[in-house]
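Just add 8 to wherever you are in the sequence shown, counting from 1, and you've got the working numbering.
Right, one structure below, let's go through it.
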Amino acid sequence: MARLPVSAVAPATGGWGALGALVGLGLGWFFQMDAWISWTLLMVFAAAPMWICDWSARAVRPSGLVAPPRQSLMGVAVITLLLMGSMQLQLAWGGEKGAGVSSLVLPALFACVALALTALASPGFLSSTIPACGRFVLALLRGNRPGNEEVVAFMGWIVKAVFLPLMIAWSFSWVAGASEVWHGRNWVAIFATALGLLYAIDTAFATVGYMSTSERIDGQIRSVDRTWLGWLSALACYPPLSVLVLDTWLVYKTGLDWQSWFSDGSMVAWVWGGAILLLTAIYTWATVVFGPRFSNLTHRGIITSGPYRWGKHPAYLCKNLSWWLIFVPFLGNETTLDAVLHCLALLGVNAIYAIRAWTEERHLRSDPEYRAYAEWIAQNGWLAKARQLLLGRAIAGRGHDGA
Numbered sequence: 009m010a011r012l013p014v015s016a017v018a019p020a021t022g023g024w025g026a027l028g029a030l031v032g033l034g035l036g037w038f039f040q041m042d043a044w045i046s047w048t049l050l051m052v053f054a055a056a057p058m059w060i061c062d063w064s065a066r067a068v069r070p071s072g073l074v075a076p077p078r079q080s081l082m083g084v085a086v087i088t089l090l091l092m093g094s095m096q097l098q099l100a101w102g103g104e105k106g107a108g109v110s111s112l113v114l115p116a117l118f119a120c121v122a123l124a125l126t127a128l129a130s131p132g133f134l135s136s137t138i139p140a141c142g143r144f145v146l147a148l149l150r151g152n153r154p155g156n157e158e159v160v161a162f163m164g165w166i167v168k169a170v171f172l173p174l175m176i177a178w179s180f181s182w183v184a185g186a187s188e189v190w191h192g193r194n195w196v197a198i199f200a201t202a203l204g205l206l207y208a209i210d211t212a213f214a215t216v217g218y219m220s221t222s223e224r225i226d227g228q229i230r231s232v233d234r235t236w237l238g239w240l241s242a243l244a245c246y247p248p249l250s251v252l253v254l255d256t257w258l259v260y261k262t263g264l265d266w267q268s269w270f271s272d273g274s275m276v277a278w279v280w281g282g283a284i285l286l287l288t289a290i291y292t293w294a295t296v297v298f299g300p301r302f303s304n305l306t307h308r309g310i311i312t313s314g315p316y317r318w319g320k321h322p323a324y325l326c327k328n329l330s331w332w333l334i335f336v337p338f339l340g341n342e343t344t345l346d347a348v349l350h351c352l353a354l355l356g357v358n359a360i361y362a363i364r365a366w367t368e369e370r371h372l373r374s375d376p377e378y379r380a381y382a383e384w385i386a387q388n389g390w391l392a393k394a395r396q397l398l399l400g401r402a403i404a405g406r407g408h409d410g411a
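Take a look at the structure:
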């Protein structure tokens with residue numbers, strides 16, 4: 009009999025973070041604060057309770073070993089180059105979705121300078137991954153092969169350099185956008201505001217996740233996917249690569265979304281919009297249950313609570329289903345061929361997420377906890393329950409026919 013492993017993040021951790029996020033958003037909303045202040049409140053009120061929960065439950069004492077300043081300074085230099093290079097790629101080729109990182113370049117530089125000063129004055133305060141990055145580069149310069157710890161640290165910082173600026177920019181954009189559309193005070197404004205707040209919480213939790221890789225909360229990166237397919241399938245969903253893949257090749261948006269096809273405030277519109285919000289809420293929930301451990305392409309513990317109790321990829325499933333309801337590629341086309349092509353394009357996007365799911369499973373299967381979880385889902389997940397239900401009905405039907 010398969011067992012369900014205990015989730016690496018306690019459900020209460022994400023729950024307190026979600027409550028804090030709602031409080032932060034509520035304060036900004038009630039006092040009509042500037043978008044940046046509202047966003048800051050969202051981040052602080054979401055992150056603080058999760059850090060407190062995981063610190064008290066899984067606190068790890070530092071080893072006391074301090075890396076030589078040379079390694080730490082080299083690590084800071086590497087991280088600075090990764091961050092600046094990633095943001096320049098977004099600004100050059102990321103289109104509208106990548107342009108939001110422009111306001112983060114100067115703060116990122118200041119943060120890197122602060123890291124360098126800390127490396128000189130108090131290197132013990134730095135994460136162990138920073139000197140490990142330095143050792144990675146120094147080993148390559150000497151013609152040596154870096155160790156596994158150094159490789160994981162270096163690849164982990166690549167992940168953070170790529171995704172953290174985007175998540176910060178997008179979470180702020182969702183907070184600012186939700187505040188603006190609410191002034192319409194009609195059914196469209198209600199829907200858009202609710203959707204924006206869900207995505208604001210989702211991207212805020214993702215931001216916290218990329219910032220929370222400290223061993224003190226057991227949030228360190230255990231491993232990073234080292235396959236080309238894993239990286240390409242993930243990067244294809246984010247700028248700048250998504251500008252080519254999703255905005256040029258797989259164009260599934262017709263220019264008219266679902267709101268264009270239903271009467272304002274009609275029952276059908278409320279039901280359709282409600283279905284979109286439900287799928288998006290489950291998608292956001294799937295991020296929240298990660299607590300401070302969300303990040304792409306990494307293994308930071310196996311999550312088995314929340315929607316992951318019923319399936320291995322609830323976020324991908326709900327996100328992709330919501331796109332079919334939002335963009336309705338089968339409507340708003342001049343010809344049947346256009347409708348078919350738009351549907352095929354969205355199916356292509358769905359296929360990319362299916363590949364992401366497969367590569368993530370392949371990566372995590374090295375952990376016996378994930379193998380146990382996958383076995384439990386195979387027997388108890390929603391697909392297994394659906395198969396059992398259909399099989400039971402089929403057997404009952406054959407028995408009835410035989411009678």
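Using N, Cα and C, we set each Cβ at its ideal position, and we do this for glycine too.
Remember, predicted model here, so these are calculated numbers, not experimental data.
**OP:** Tell me whether Arg-69 is buried or exposed, calling it buried when 16 or more other Cβ atoms sit within 10 Å of its Cβ.
**Re:** By 1-based counting over the sequence shown, the position of residue 69 is 61. Its pLDDT being 49, under 50, Arg-69 is placed unreliably by the model, and the measurement read from it follows with that caveat. Its Cβ having fewer than 16 others within 10 Å, Arg-69 is exposed.
**OP:** Using beta-carbon positions only, say whether Leu-35 and Leu-205 come within less than 8 Å of one another.
**Re:** Here the question's residue 35 lines up with position 27 in the sequence shown. Here the question's residue 205 lines up with position 197 in the sequence shown. For Leu-35 and Leu-205, no; Cβs fall outside 8 Å.
Original post:
Val-232 bridges to which residues according to DSSP?
Top reply: Taking the sequence shown and counting its residues from 1, one reaches residue 232 at position 224. In the DSSP output, where bridge partners are listed per residue, Val-232 has Thr-306.
Original post:
With a Cβ-Cβ cutoff of 8 Å, do Pro-131 and Val-74 count as a contact?
Top reply: By 1-based counting over the sequence shown, the position of residue 131 is 123. By 1-based counting over the sequence shown, the position of residue 74 is 66. A contact, by the Cβ cut-off of 8 Å.
Subject >> Ala-10 (DSSP reduced to helix, strand or coil) >> reply: Counted from its first residue, the sequence shown places residue 10 at position 2. Ala-10 falls in the coil class under three-state DSSP.
**OP:** Take the Cβ of Arg-11 as the centre, count every other Cβ of all protein chains shown within 10 Å, and call the residue buried at 16 or more, exposed below.
**Re:** The sequence position of residue 11 within the sequence shown is 3, counting from 1. Exposed, since its Cβ has fewer than 16 Cβ neighbours within 10 Å.
Subject >> Backbone secondary structure at Met-41 - three-state DSSP >> reply: The sequence position of residue 41 within the sequence shown is 33, counting from 1. The answer is coil: DSSP assigns Met-41 none of H, G, I, E or B.
Original post:
Can you give the Cα-Cα distance for Ala-16 and Gly-273, rounded to whole angstroms?
Top reply: As a working note, residue 16 is residue 8 in the sequence shown. As a working note, residue 273 is residue 265 in the sequence shown. Approximately 43 Å, taken between the alpha carbons.
Subject >> alpha helix (DSSP H) segment containing Ile-311, residue limits >> reply: On the sequence shown, residue 311 is found 303 positions in, with the first residue counted as 1. No alpha helix (DSSP H) contains Ile-311, which DSSP labels as neither H nor E.
**OP:** Could you check what DSSP says for Arg-150 in three-state terms: helix, strand or coil?
**Re:** Position 142 of the sequence shown holds residue 150. Note: Arg-150 maps to coil in three-state DSSP.
**OP:** Compare the Cα-Cα distances from Ala-177 to each of Ala-392, Leu-240, Gly-400, Val-216 and report the closest residue.
**Re:** Counted from its first residue, the sequence shown places residue 177 at position 169. The option with the nearest alpha carbon to Ala-177 is Val-216.
Subject >> His-307 versus Trp-318 - alpha carbon distance >> reply: In the sequence shown, residue 307 corresponds to position 299, counting from 1. In the sequence shown, residue 318 corresponds to position 310, counting from 1. Those two C-alpha atoms are separated by around 20 Å.
Original post:
Helix, strand or coil for Pro-414 per DSSP?
Top reply: Any answer about residue 414 is impossible in this case: the structure gives the chain only from 9 up to 411.
Original post:
How close, in whole Å, do the beta carbons of Leu-123 and Met-95 come, if the pair is a contact with beta carbons under 8 Å?
Top reply: The count along the sequence shown starts at 1 and reaches residue 123 at position 115. The count along the sequence shown starts at 1 and reaches residue 95 at position 87. About 16 Å; that fails the 8 Å criterion.
Original post:
What first and last residue would you give for the alpha helix (DSSP H) that runs through Lys-327?
Top reply: Here the question's residue 327 lines up with position 319 in the sequence shown. That run of the alpha helix (DSSP H) goes 322-335.
Original post:
Expressed to the nearest angstrom, what Euclidean distance is found between the alpha-carbon atoms of Val-279 and Ile-198?
Top reply: Counted from its first residue, the sequence shown places residue 279 at position 271. Counted from its first residue, the sequence shown places residue 198 at position 190. For Val-279 and Ile-198, the distance between alpha carbons rounds to 14 Å.
**OP:** Check Ala-392 in the structure and name its three-state DSSP category.
**Re:** Translated into the one-based positions of the sequence shown, residue 392 becomes position 384. Helix, per DSSP.
**OP:** With distances taken Cα to Cα, identify the nearest neighbour of Gly-22 among Arg-301, Asn-328, Trp-384, Glu-377.
**Re:** Sequence index remark: in the sequence shown, residue 22 carries index 14 (1-based). Nearest of Arg-301, Asn-328, Trp-384, Glu-377 to Gly-22, Cα basis: Arg-301.
**OP:** Mind checking which residues open and close the alpha helix (DSSP H) that includes Phe-338?
**Re:** As a position in the sequence shown, residue 338 is number 330, starting the count at 1. Here Phe-338 belongs to no alpha helix (DSSP H), and DSSP marks it neither H nor E.
**OP:** Have a look at Ala-54, His-350, Pro-173 and flag the residue whose alpha-carbon is nearest the alpha-carbon of Thr-295.
**Re:** On the sequence shown, residue 295 is found 287 positions in, with the first residue counted as 1. Here the closest residue by C-alpha is Ala-54.
Original post:
Below 8 Å, can you find three or more Cβ-Cβ pairs linking the segment 366-373 to the segment 231-242?
Top reply: Counting Cβ pairs under 8 Å, three or more are found: they touch.
**OP:** State the Cα-Cα distance for the pair Asp-255 and Glu-342, rounded to the nearest angstrom.
**Re:** Position 247 of the sequence shown holds residue 255. Position 334 of the sequence shown holds residue 342. So the two alpha carbons sit approximately 20 Å from each other.
Original post:
Pick from Val-336, Asn-156, Tyr-361: whose alpha carbon is nearest that of Ser-250?
Top reply: Here residue 250 is taken as the residue at index 242 of the sequence shown, counted from 1. In this structure, Tyr-361 is the residue among Val-336, Asn-156, Tyr-361 with its C-alpha nearest to the C-alpha of Ser-250.
**OP:** Assign Ala-16 to one of three DSSP states: helix, strand, or coil.
**Re:** Along the sequence shown, one-based indexing puts residue 16 at 8. Ala-16 falls in the coil class under three-state DSSP.
Original post:
According to the Cβ coordinates, are Val-109 and Leu-99 closer than 8 Å?
Top reply: Residue numbering aside, residue 109 sits at position 101 when the sequence shown is read from its first letter. Residue numbering aside, residue 99 sits at position 91 when the sequence shown is read from its first letter. Contact flag set, yes.
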